[in-house]
Amino acid sequence: MLAVTSRVRQVTQEAAASRVCTAAEAGDWTRTLSSSEALSLSGTELGQVSECRCRALFALGRAEECITLVASVLRETGDGWLPPPALSLQLLQRFALQGEADRAAELARRAARAAPENLDLAMAELVYRAAAEGEEVVLQDLAARVAEPSATAYPPRIALAHAFMRRREFERVVEILQPIPPRRVPKVVSDWLLMRVEAQLALNRAGDARETYALWQRHIGGDPLEAQLHYALMLSLSGSRDPNQPTTQLLREALEVGDRVSNRYLVQRIYERLIAHLIAEGSREEALEIFDAASREFDLSETISRPQILASQPARTNTSSKLEQADASSVAPRGSLEFTLPAGAAAGSLWVGPDLDHPPDALYQLHALAGAKVARVERRVSSWPVRWVFRDTEQQVLASGAAWVAADQTHRVEISPGAPQAMSAPFEPALSPADGRRRVFVVILDCGDWRLVQYLRSRGELPVHGRLLSEEYRAVLTSRPPLTAAAMEFLVWPERGRTVSVIGLVHRLGLEIGGLASVGSNPVDFLRAFRPEGLSLFEKIGAERFVTANMLLTHGSIDAGRNAKLIGPNGLRHDAQPVSAVRALSAEERSAFPRLTDPIAEQLAEAMAAQFDAAADMARRGRVDLLMLRIESFDVLTHTFYGRLAQTRQDDGDAVLLDAYRYADRRIGELWSALDADDVLIVMSDHGIRSALDHAEDAFFVAAGPGIPHARAEGQPHLAGLPRVLAGLFGIDTDWPDTGVAAWDESPTPRQ
């Protein structure tokens, strides 16, 4: 009898569920909701009805009710039911935002295994499980799963490759992506080949990358012309080098066939990269010609503008004198900006960025502005726009933006005041008491720019940078050539190039050639084995009682030693504790920095979050004496989003890249507060930004700690002098280059 009753209940539930879903199939949303309102269901039928009810809620614009319903049903049904992939992905985001990391991890694991062909779920499993269980555990699990003979699903393999790509373990990426997936899954094929090529080029294996494209054409039926364009683009982006042709020439040849390629976005990227290479080489006229040709089809305004190209300078060399560079600013033509307020607007103060002949750390200049008056500001034509901030009498920001100066012309800037924005509260680090031991933590914001820092400071933001710059030691460093690879080599290998020999000179020349954007790596790097290297910065400081941590993210042509490697004491080498490549932004972070939720920016912000987490953890553990951390994703964020800031317009600080600066400011403050009163914090960049396609030679630098004066370094010393300063902070004398980076000379207290 009990069995009969149970069967009747089951049939009744199935019939009820069928009626609800039949109404949903017919698009009768009112009946779908009314017929499911008072049902008492369980198990599979409950899950089925919730899916159909969700379709109605979505159709009626009540998506949030759907997510709440499915979360409740999932809790009630336990392991008996799973929402479909699209709903699972939305639930995962909901759980993460609510801080339910364990619940998100469990759902991600179940959903990814239930739908092994779904790439989004495979990536979600990696992200959400790593947040709850730790990245190492998840990577081991995924590696074991894809190694099983029965493992035919490609998405888990792609997720695993993504993880190792973010960790810069490119050999592992190539190993994981050896077989070619079937043609029937084009999205998987695309991601697969893109990552494989990117990893091969990061390893400077252009020949292998060419073979990957050949496999794509032979086995998948890829378009050979599209492959040609893609290869040239990837070479340019990676800094790798084709063994037969310069990248600039490959980009030119790609454009010659561009009109026969259907993927117009790819053609646009080729235009942009060729313009970037021409600017770097000083070929301004050709860059303008290519820009004008591209502008007939594409809008390049978010990447590069004609004023930026016109303001670009011929390629600078290491032999050009400071006098020659100073002369360039003094002879630049002038133009004018006229700032006006709308009728009836309240008076305020206008703060305008410095002229070209002032250093980039110069403060903004004050101009009164009221009513019908006009504030006329003269500036020299520059590679950067003039940035401005308008404040009310209470010093609250009402508007801000940028404008380009044109030679012998006057440009009118009409200010539209908005709601007042108060300045950030002053920052003071919560340092622990001194423990008699000095540690030095160096944060390198890759592509961090003085001018953007000063713009945000003039808006009353960046309280941590503001505290550092107003009360500590600062310098405008010169980074020449302005490339990450060259900067890292200067910092990590301070003795390179000091031996005057034929081999040494040829190798150094190769480094300079490799530093060009059109080459990307040292063409005579094989000579390295024949010349004395000397100790790296990490080896020198870690040779005795100190422990150094290298978190500079070496890859491709960036030769900065082994990433995540500890050296010391007494020269011992060991790996740092496992470091996650990404960490999902918390609900509070997403609320405080909403622009970082941009689909592209969020992935980069997650990488930044994980790196700052690792640095703070090292500070709290107390094992490391010297940490050098490079925030690589800052460079990608800058190149991706800078173009939107380099336009004549009032932006009011509403920009993805500016939120990245605000986020970095907060995290640097947290790291500073994890140190103690004996420690030194250095924040710097490896170069600045001139345009979305071109670096600037000015690098940011500020240092805080006991014995470090409140001062500014004279001139613009080369960053190559920093290793000597770092060694000196540990009482280690060297004959490394002294470029005038620091104006202090104090030995630290010995390690206890």
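With our numbering applied, the sequence shown corresponds to residues 368 to 1119, in that order.
Glycine is no exception: its CB is placed at the ideal position from the N, C-alpha and C atoms.
A quick note: this is a predicted structure, and the numbers were derived from the prediction, not measured.
Review point. Between which two residues does the beta strand (DSSP E) containing A769 stretch?
Key: 764–770
Practice item. Would you identify the three-state DSSP class for R490, choosing helix, strand or coil? Key: Note that residue 490 corresponds to Met in the displayed sequence, not to Arg. When DSSP states are grouped into helix, strand and coil, M490 belongs to the helix group.
Review point. How about E906 and I934: do their beta carbons lie closer than 8 Å?
Key: yes
Exercise for review: May I ask you to list the residues that DSSP assigns as paired with L933?
Suggested key: A916, H941
Review point. Is any beta-carbon of chain C found at less than 8 Å from that of A1066?
Key: Absence of chain C from the displayed structure is noted, only one protein chain being present.
Check your understanding: Apart from the five residues just before and just after P830, which ones in its own chain have a Cβ nearer than 8 Å to its Cβ?
Key -> S791, A792, P793, F794, D1032, G1036
Review point. Which same chain residues, not among the five before or five after Q675, have their C-beta less than 6 Å away from its C-beta?
Key: The answer, listed in chain order, is S1058.
Practice item. Would you mind stating whether P787 and A766 have Cβ atoms separated by less than 8 Å? Key: no
**Study point:** Y580 in three-state terms, based on DSSP
**Key:** Y580: helix per DSSP, three-state reduction.
**Study point:** First through last residue of the beta strand (DSSP E) which encompasses D1065
**Key:** 1065–1071
**Study point:** Cβ neighbours of E999 in the same chain (closer than 7 Å, five flanking residues each side left out)
**Key:** D813, L920
Practice item. Below 8 Å on the Cβ atoms is my guess for F1097 versus F913; work out the distance and round it to an integer in Å. Key: 6 Å
Check your understanding: With a CB to CB cut of under 7 Å and the five nearest residues on each side skipped, what residues in its chain are close to W343?
Key -> The displayed coordinates of the chain run from 368 to 1119. Any statement about residue 343 would go beyond what the structure contains.
Check your understanding: If you draw a straight line from the alpha carbon of Y580 to that of Q545, how long is it in whole angstroms?
Key -> 13 Å
Point to revise | Where Q762 falls, given that 16 or more other Cβ within 10 Å makes a residue buried | key: exposed
Check your understanding: So what's T435 in DSSP terms, helix, strand or just coil?
Key -> helix
Practice item. Work out the CA separation of A678 and V698 for me, nearest whole Å. Key: 13 Å
Practice item. Select from P451, T397, F531, T1015 the residue whose C-alpha is nearest the C-alpha of W751. Key: Of P451, T397, F531, T1015, the residue nearest in Cα terms is T1015.
Point to revise | Unbroken alpha helix (DSSP H) run spanning M1121, endpoints | key: The structure shown has nothing for residue 1121, since the chain only spans 368 to 1119.
Exercise for review: Would you please state the rounded distance, in angstroms, between the beta carbons of L1004 and A1027? I believe it to be under 8 Å.
Suggested key: 5 Å
Review point. Is the number of C-beta pairs between the region 492–506 and the region 554–572 that are closer than 8 Å three or more?
Key: no
Review point. Is A968 closer than 8 Å to V1050 when the C-beta atoms are compared?
Key: no
Check your understanding: Which ranges would you report for the alpha helix (DSSP H) in the region 607–652 if only whole runs of at least 4 residues count?
Key -> 614–623, 631–647
Check your understanding: Could you give the residue range of the alpha helix (DSSP H) that holds W817?
Key -> 817–825
Exercise for review: Measure the Cβ-Cβ separation of L736 and G715 and say whether it is below 8 Å.
Suggested key: yes
Check your understanding: Do the region 476–490 and the region 955–966 touch if we need at least three Cβ pairs shorter than 8 Å?
Key -> no
Review point. For W1103, which residues of its own chain have a beta-carbon under 6 Å away from its beta-carbon, when the five flanking residues on both sides are left out?
Key: Cβ within range, chain order: P861, P1090, R1091.
Point to revise | Supposed close pair R640, L600 - CB separation, criterion 8 Å | key: 6 Å
**Study point:** Residues of its chain near V809, where Cβ-Cβ distance is below 6 Å and the 5 sequence neighbours each way are ignored
**Key:** M995, I1049
Check your understanding: To the nearest angstrom, how far is it from the Cα of R663 to the Cα of Q635?
Key -> Their Cα atoms are separated by approximately 11 Å.
Check your understanding: So, helix, strand or coil for H1023, using DSSP?
Key -> According to the sequence provided, residue 1023 is Val. The question's His does not apply to it. Residue state, collapsed to three classes: helix.
Practice item. State buried or exposed for L730, treating a residue as buried only when at least 16 other CB atoms are found within 10 Å of its CB. Key: With fewer than 16 Cβ atoms within 10 Å of its Cβ, L730 is classed as exposed.
**Study point:** DSSP state of A1031 mapped onto helix, strand, coil
**Key:** helix
Practice item. Give me the Cα-Cα distance between D1100 and A1070, rounded to the nearest whole angstrom. Key: 20 Å
Review point. Which one of L655, L939, L596 has the shortest CA to CA distance from Y632?
Key: L596
Point to revise | Euclidean distance between Cα positions of A482 and G394 | key: Between A482 and G394, the C-alpha separation is close to 27 Å.
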